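Read the structure below first, then the notes.
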Amino acid sequence: MIELTEQQLQAMDNPGAMPLHLVNPRTKETFVLLSADEYQRLKEEAYDDSPWTDEEMELLAWEAGKHAGWEDMDEYDHYPEKK
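Residues 0 to 82 in numbering that gives the first Met the number 0 are what the sequence shown spells out, letter by letter.
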């Protein structure tokens with residue numbers, strides 16, 4: 000377990016600062032600090048770690064194609080689906 004610094008504790012005292020954002024100084028990656036109760040509530044309500052359905056994977060593939068600059072996605076419809 001990691002203990003919070005005095006600066007972090009002071010930031011938590013500001014009700015408008017929640018959730019608290021933390022930055023890893025090495026990677027500049029940002030994290031959000033939540034209470035264990037809040038994390039558990041969010042995990043139970045919204046977290047879905049079930050395997051992706053075929054429809055979800057197909058939608059993600061189409062989205063990736065659009066972002067990759069594939070303008071006419073219809074030209075790829077003739078490829079057989081892999082199962």
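Beta carbons: idealized from backbone N, C-alpha and C, even for Gly. Everything numeric in this text was worked out from a predicted model, so none of it was measured.
Asked, Found
"Pick from Ala60, Ser49, Trp61, Glu37 that is closest to Met17, judged by C-alpha positions", "Glu37"
"Secondary structure of Leu41, DSSP reduced to three states", "helix"
"Any chain B beta carbon closer than 9 Å to Lys27", "Although the question refers to chain B, the structure presented lacks it and comprises just one protein chain."
"Minimum C-alpha distance to Gln94 - residue among Leu21, Thr52, Met0", "The first residue shown for the chain is 0 and the last is 82, placing residue 94 beyond what the model contains."
"Reduced DSSP secondary structure (H/G/I, E/B, other) of Leu59", "helix"
"Distance, Leu33 Cα to Asp12 Cα", "14 Å"
"Limits of the unbroken beta strand (DSSP E) element including Leu8", "That residue, Leu8, is in no beta strand (DSSP E); its alpha helix (DSSP H) goes 5 to 12."
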